[in-house]
Each structure stands twice: as C-alpha cells, then as structure tokens.
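Single-structure report; data block below.
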DNA sequence: GCAGCGAAAATATCT
DNA sequence: TTTTCGCTGC
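Residue numbers (our numbering): 58 to 730.
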C-alpha cells in the first residue's frame, strides 16, 4: 500500500536559510561546489585548494538542507580519510554527520556483497583474503600445475598477481597485459591464462574474495540484478567521491551504478596528484567523467591556501617537467616564505643526523613535533632515520610499509577465526594446520580435502586419516576451534583463547618472539571493540592497523610524535615543515619506472604530492654515498630536482660544526662514528 | 613427508 | 635485508 510522506523540498535554498555562514567561510568556487544541488559535478581541486574543506562543508550543507544523513554516500580513498571528514563535518554542524555512510570502494562493496552475495553463488559468510593470502594461493596453484619446473622461467607469484590484477583493474585481457608490460613471459601466456582461471575457481570454491573480487563481483551484481541495483542506488540520494584521480574504469562504472536512481554525483580530485597507477588507477579517468554524465558541471579550485609562495613555485616547477602537460594555475595570496632547501649529505647517516637535529631545533622553537613530517618513496628509506630518532629519543609514528595486522603472527591468529566463520577458507586452514608440528603442506592438503567433503570437523580425529605423530597436537587445535564456535563467545574472549594456544607456537616459530608476543597482547586489546568475528576479519583486512613504531620516551609524557610517512600515505595531509629524504635517482623516480614516460610521469606526480604537503618550509635531502649489500656507491640526486634553478630550490651543504671539547660534568653525548 | 640449513635471488608504493 | 629454493637427514 502506498502512503504519502511529507518531505521538505530541499531544492532552491539560499545561503540565508542555513545556520552556518557558508558564503563567509568559502571562496566563490568552493561555495559553488558546496551549494551545487542536483545532477553531476566534477570538482577539479589542485593541491591545498581546500578540497577536503569543500567536501566537509558540502556534507554539512546537504544535511542542513534536509537530506537524511544515511542517504549520503561518501567514497574516500582510505577509511582514515572518511573518518576524519565525518569528524570535521560533525564538529561544524552536529553529530548527524556521523550517520553518513562513508568508506572506501572496497569497504562499501563489501557491505553490499555480504547482503546480496547469495545471488552470485557466494554465501554471505565469505571471507576476504589480502595480498599475501592471494600470493600464497598462487604459489600453491603454480606448484600444483607444475609450472615451477619449466625449463623457461615462469613468472613468480608476485608477477602473476600483478598481471591478473592489472587485467582486472584496467579492463585488459591477460594477453594485453603480458604483451605490454611483461613481454618476456609471452611464451607462457596460455599457462598464465590457465592459472588465472584456476585461481578464480579456487577462490569461488573456498568462498573467499580478494580485493579485486570485491569490486568485480559488486559490479557484476549491480549490472545483472536490477532489484539489487535499485535497492542499492535508491539509498544513495547523494554520492560524493573523493580522490577521483586515483580511481579506474571499474570504479567509474560502480559510481555510475551506485547513483543510478537519483543521479546526484560529485567527483572531486586532481589529475596532477594521481599516484596509484600500480593499482590500476588511471589519471585520465577523471577527465572522462563529463563523458559519462553529459550535463556535468565542472568547478575548478585553483587558489592554494596551504603553502607559502616559494613552496608553490617549486611545486609548479616540478610539474612542468612532466611529459604530459597539466593546465595548472595554482596561486596563493600567502607570503613568499623561505626558499625550499636542497640539502646534500655525504651519506645516509649524516642525512639522518641532520634531520634529527633540525627536528630538535624546531621543537625548541615551540613547534609541536607532529607539525613536522619526514616523507620518503619507500618504507625502508626511513630505517636509518628511525635508528637515529630512537637514539635521540625523539618520538615518532610511521605510516606506510608493513602493517601491524599483516604481520605473520597476527595473520596466524586471525586464520583461526577465519575457519570458524568460513569452514571452506582453505587458505586459513592451510595456515593453521601447517602451524601444527608434524603437519606440512601435504598432510594439510589431505585434511582440507576431508573437511571439504565431510562439511564438519567433529569426526576428523576418528576418521582414520590422522597419523599418531601429530594426533595429540591436532586434537588441541580442534578443541580450541570447537570452544570458540558458539554464539555466546565474544570476539575478545575467542582471541584470548586462540592466544593461549598460539603463544607456544609463536615462540617456536619466530626467533624474535618477544616482540611478537607484545604485539599479540595489544592485538587482544583491539578486539574488545568488536562484536562479531566477521567484523574483525573484514575490518582488519580492509583497514589494516598502521604499523606505528613509536619511539617512546619513558620520561616524557605523551608528546605528539613526529610523523614519518611514505609519500603515498601522506596523500591529503599537510604539515608546517616537511622533509623529503632520499631524493635520489633510482629512488624517486624508482629504478623500475625509468623506461616508460607514463611511469616516469607518475613518479613526478609523486614528488609533486610530496612537495605540496608543506605549508611553511620544505627541505629536500639526499646522500651522495649510498650503502648497499654490495658495498658503497655514489649516487645522483633525483632527475626531477637536478635541473631546477638555484633561485627556486636553494642548495645547501652540511658542514660538521666542531664541538667544544668535552668538559667534566658535561652530559653531552658524542655523535657516533 | 617434514624440518632445518645454507646458498641464491630479488627487492615498492596500498585496498 | 629478506625471501625463496634445493638439499639433507630424520
């Protein structure tokens, strides 16, 4: 029976209708984006032009206009970004903003799939496998198909996953991917195709999905099932997509389907900051947006509020070196500021000591440590600095690199939960079975087959396939699994029971077990926040806990730490003072990106992103002498900065200051070496 | 068939 | 520096 519902007409508002004075708080273009009402809009927002601010105020404006918060979908690049935006929106308006549905594409797709996956032949309790699980599967299948014993080298698991994933995300055939990026493996193309097929079937049989599957299956579901599509899209009155430059054609299609009922879409991004091509993102995607929505309103934000003039000049200068030109006219009304400095260190040690010393100087100038960031291309580029910071007891957090929840010991523990949630998850079974002493890949395989056929584990010990050698150990494992199966066990309790079982295993398996046991303790604490097993598993895969190595100083109480971050993880963030270290040719641009102009341009954009993180002062540093396994060798500064004029990027040399001789009672420590 | 050892190879950015 | 591979003894 249809009923009439009175709904406030939320069109035709003027700024005067709102409690928040949007017109006073935003510039003309930002205001236009915030007030934009129905239809499609593309906001091209250069670095530091108030992109996030615009989104936050838009969210607030929509709610003030009477939109139900839960009818707004905010797709962001990380869940951290989404949380921060909703926090900010709540702070300027009210707590209603927390009811907005926000998250990454993967996260949102996952929620859709858990609701409707049976229509695709997947049970609702499918589990998600991360990259390292996917690699394990590929390795297993590669061996099973005997592709590891070929006379001509067959691609390894990393390459295989990269080929398969690229094909999915770029909408290419495997043949096209191999032909364009891995020509040396063209001879194996049929085997690669076979392996991809077997991999796909394996995941289906085990009721698991990898990251790409979350997108692919959601797309398939929405394309083929009109009921689901209407259900999903009807709930999305307004769709906002952040960081659109880092989406791909697949995600463009998803956005189109998510918004297929109300057709209100706003995409926000900056083509000059596209840095995720390795994941299949295509910076041209953002320019194709108006092609998908012919009525698209294009709004361009060009006034930079973040950086001083000299930083912006350098940023513009860096971007000019791109092979593919960008029409960027970023300007600022801020003061010129200091010239960005190019600091040459003799080696990595000296670079680290310089950074540490500068950081301490800034701290003495009353600057909070977390107003300072050190950025780098690769996670390992900060290892030496981390040692130095540790020595000087400078607290820091590190973003990027190995994630806490991706560490082997955490994955071991989670695998126990996975088999309870999804008995068909052979990857998890394999993991926990081979942890049992006496069980290797062969026996694990046989046990998994048995579980697959019998659909339960209750009689496995009596089945006659268990040999005496590991019977005792295995019975402990099944007793544990049995004890955490009930509905009355909280996730935290379950994890504690798993830990009691796992700790001795961990001590045996890892030499560095003291550190890992500590991790497990804190992991146990994290689990208190969850109510369902599935929730822990999904959350930790889709939003892994950052490996935040904190160099804590017992004496000083909770000082805000210095930020170390990969450039990728620094996307969207900003600091007063920014150091970009290891700015070397072969590091940025990466040694793997030197061949193709396309790859080189992406590395350049990466440096552009790094440079535009700085508000006040920017230092770019590089060592002349680099240590490696093979010894020392001389290096060249990054080609992206080498040709930049001294008047834009000022070169500096480090000169060791002679310290006055140590006097008795002087507690000053000598610098090492 | 498992576990442990030493040699050889590869080596990023992230959902 | 870490991961992978192949070999050996149990």
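Even for Gly, the Cβ is constructed at its ideal location relative to N, Cα and C. Owing to the predicted nature of the structure, the values given are computational and were not obtained by experimental measurement.
Separation of residue 371 from residue 705, as counted between CA atoms:
6 Å
Whole-angstrom distance between residue 91 and residue 112, CA atom to CA atom
7 Å
Who are the near neighbours of residue 666 in its chain, counting only those whose CB is closer than 8 Å to its CB and skipping five residues on each side?
104, 330, 332, 624, 627, 628
Alpha carbon to alpha carbon, how far is residue 241 from residue 216?
12 Å
Since residue 403 is in the alpha helix (DSSP H), which residue starts that stretch and which ends it?
Counting along the chain, residue 403 falls outside any alpha helix (DSSP H), though it belongs to the beta strand (DSSP E) covering 398 to 404.
Proximity of residue 350 and residue 322 at Cβ, strictly below 8 Å
yes
Anticipated Cβ contact below 8 Å, residue 301 with residue 265, distance rounded
Not confirmed; about 29 Å, so no contact.
For the candidate residues 525, 494, 472, whose alpha-carbon lies nearest to that of residue 566?
494
Assess contact between the stretch 502 to 509 and the stretch 210 to 224, defined as three or more Cβ pairs (one per stretch) separated by less than 8 Å. Is contact present?
no
Taking only the alpha-carbon atoms, compute the straight-line gap between residue 75 and residue 616 and give it to the nearest angstrom.
39 Å
Could you check which residue in 660, 655, 634, 656 has the C-alpha nearest to that of residue 645?
660
Within the chosen definition, does the stretch 632 to 648 reach the stretch 466 to 480 through at least 3 CB pairs nearer than 8 Å?
no
Residue 380 burial status per 10 Å Cβ neighbour count (16 or more: buried):
exposed
Could you compute how far the alpha carbon of residue 708 sits from the alpha carbon of residue 399?
5 Å
Check residue 161 in the structure and name its three-state DSSP category.
coil
If distances are taken between C-alpha atoms only, which option among 293, 246, 509, 670 comes closest to residue 313?
293
Where the beta strand (DSSP E) containing residue 358 begins and where it ends
354 to 358
Which residues does DSSP list as the beta-bridge partners of residue 455?
621
DSSP state of residue 229 mapped onto helix, strand, coil
coil
Do three or more CB pairs link the stretch 594 to 604 to the stretch 402 to 409 at distances below 8 Å?
no
Burial state of residue 580 (16 or more Cβ within 10 Å)
buried
Where residue 643 falls: helix, strand or coil (DSSP)
strand
Under the assumption that residue 376 contacts residue 359 (Cβ atoms under 8 Å), give the Cβ distance between them as a whole number of angstroms.
Not really, about 13 Å apart at Cβ, beyond 8 Å.
Taking the alpha helix (DSSP H) that residue 467 belongs to, which residues open and close that run?
465 to 478
Give a yes or no on contact between the stretch 452 to 472 and the stretch 245 to 264, applying the rule of three or more CB pairs nearer than 8 Å.
no
Environment of residue 522 [buried if 16+ CB atoms lie within 10 Å]:
exposed
Between the alpha carbons of residue 484 and residue 496, how many angstroms are there, rounded?
15 Å
For residue 713, does the count of other Cβ atoms within 10 angstroms reach 16, so buried, or fall short, so exposed?
exposed
Residues bridged to residue 126 [DSSP beta-bridge criterion]
Beta-bridge pairing links residue 126 to no other residue.
Taking the beta carbon of residue 244 as the centre, do at least 16 other beta carbons fall within 10 Å, making it buried, or is it exposed?
exposed
Under a three-way DSSP split, which group does residue 361 fall into?
strand
Taking the beta carbon of residue 710 as the centre, do at least 16 other beta carbons fall within 10 Å, making it buried, or is it exposed?
exposed
Taking all protein chains shown into account, do 16 or more other C-beta atoms lie within 10 angstroms of the C-beta of residue 142, making it buried, or fewer, making it exposed?
buried
Cα separation between residue 639 and residue 78?
45 Å
Are the CB atoms of residue 184 and residue 482 within a distance shorter than 8 Å?
yes
Give a yes or no on whether the C-beta atoms belonging to residue 425 and residue 431 are separated by under 8 Å.
no
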